[in-house]
Amino acid sequence: MPSTRDLKEPYMVSSATDIIPLSHASARLSELVDEVRDGTDKIITKDGKRWAALISAEKLDAFHRMEHAQLYSQTLHDVKKGLDDIAAGRTTEGRAAITRIRARRAAKQAESGEADGE
Numbered sequence: 001m002p003s004t005r006d007l008k009e010p011y012m013v014s015s016a017t018d019i020i021p022l023s024h025a026s027a028r029l030s031e032l033v034d035e036v037r038d039g040t041d042k043i044i045t046k047d048g049k050r051w052a053a054l055i056s057a058e059k060l061d062a063f064h065r066m067e068h069a070q071l072y073s074q075t076l077h078d079v080k081k082g083l084d085d086i087a088a089g090r091t092t093e094g095r096a097a098i099t100r101i102r103a104r105r106a107a108k109q110a111e112s113g114e115a116d117g118e
């Protein structure tokens, strides 16, 4: 997962005053927290790069709920796909699958020059 520093799209903030250098943010933290509580997100920069976001606890909770819902939805999709594969006979005996996985892993390690980690 990319860090906020690596994102190509700018984080949407209301104005340039919502982008704050870390050195200023530490001196104004109490004031910034009040502004965030009132609905204004802040971007904290370090060495001129976006480094962190200051958002309300409610917004963070909402992001976590959305992330959980997305993971849950993906899990349900994967389970359904697996059940469909079983119903269609697209299965492999466990030992054969493990043997193939180990062979692929060994081939990748040989390509990259890594030692066997098992």
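When the letters of the sequence shown are read in order and numbered with UniProt numbering, they come out as residues 1 to 118. Backbone N, C-alpha and C fix where the C-beta goes; we use that ideal spot for every residue, glycine too. Quantities reported herein were computed from a predicted structural model and do not represent experimental measurements.
C-beta contact flag for residue i and residue j at 8 Å
{"i": "A27", "j": "I43", "result": "no"}
{"i": "I55", "j": "V33", "result": "no"}
{"i": "P21", "j": "T45", "result": "yes"}
{"i": "D84", "j": "T91", "result": "no"}
Alpha helix (DSSP H) segment containing residue i, residue limits
{"i": "I98", "result": "94-112"}
{"i": "L86", "result": "Here the sequence assigns Ile to residue 86, which means Leu is not the residue at that position. Element bounds for I86: 57-87."}
Enclosing beta strand (DSSP E) for residue i [first to last residue]
{"i": "I20", "result": "19-21"}
{"i": "S37", "result": "It should be pointed out that residue 37 corresponds to Arg in this sequence rather than to Ser. Segment 29-37 is the alpha helix (DSSP H) holding R37; no beta strand (DSSP E) there."}
{"i": "T45", "result": "42-46"}
{"i": "R90", "result": "First-last for R90: undefined, no H or E at that position."}
Assigned exposure category for residue i - 16 Cβ within 10 Å defines buried
{"i": "A25", "result": "buried"}
{"i": "M1", "result": "Note that M1 scores a pLDDT of 36, beneath 50, so its modelled location is shaky; the value from the coordinates is reported in the next line. Exposed, because fewer than 16 other Cβ atoms sit within 10 Å of the Cβ of M1."}
{"i": "K8", "result": "Any answer about K8 is weak, because its pLDDT of 45 lies below 50 and its placement is not dependable; what the coordinates show is given next. With fewer than 16 Cβ atoms within 10 Å of its Cβ, K8 is classed as exposed."}
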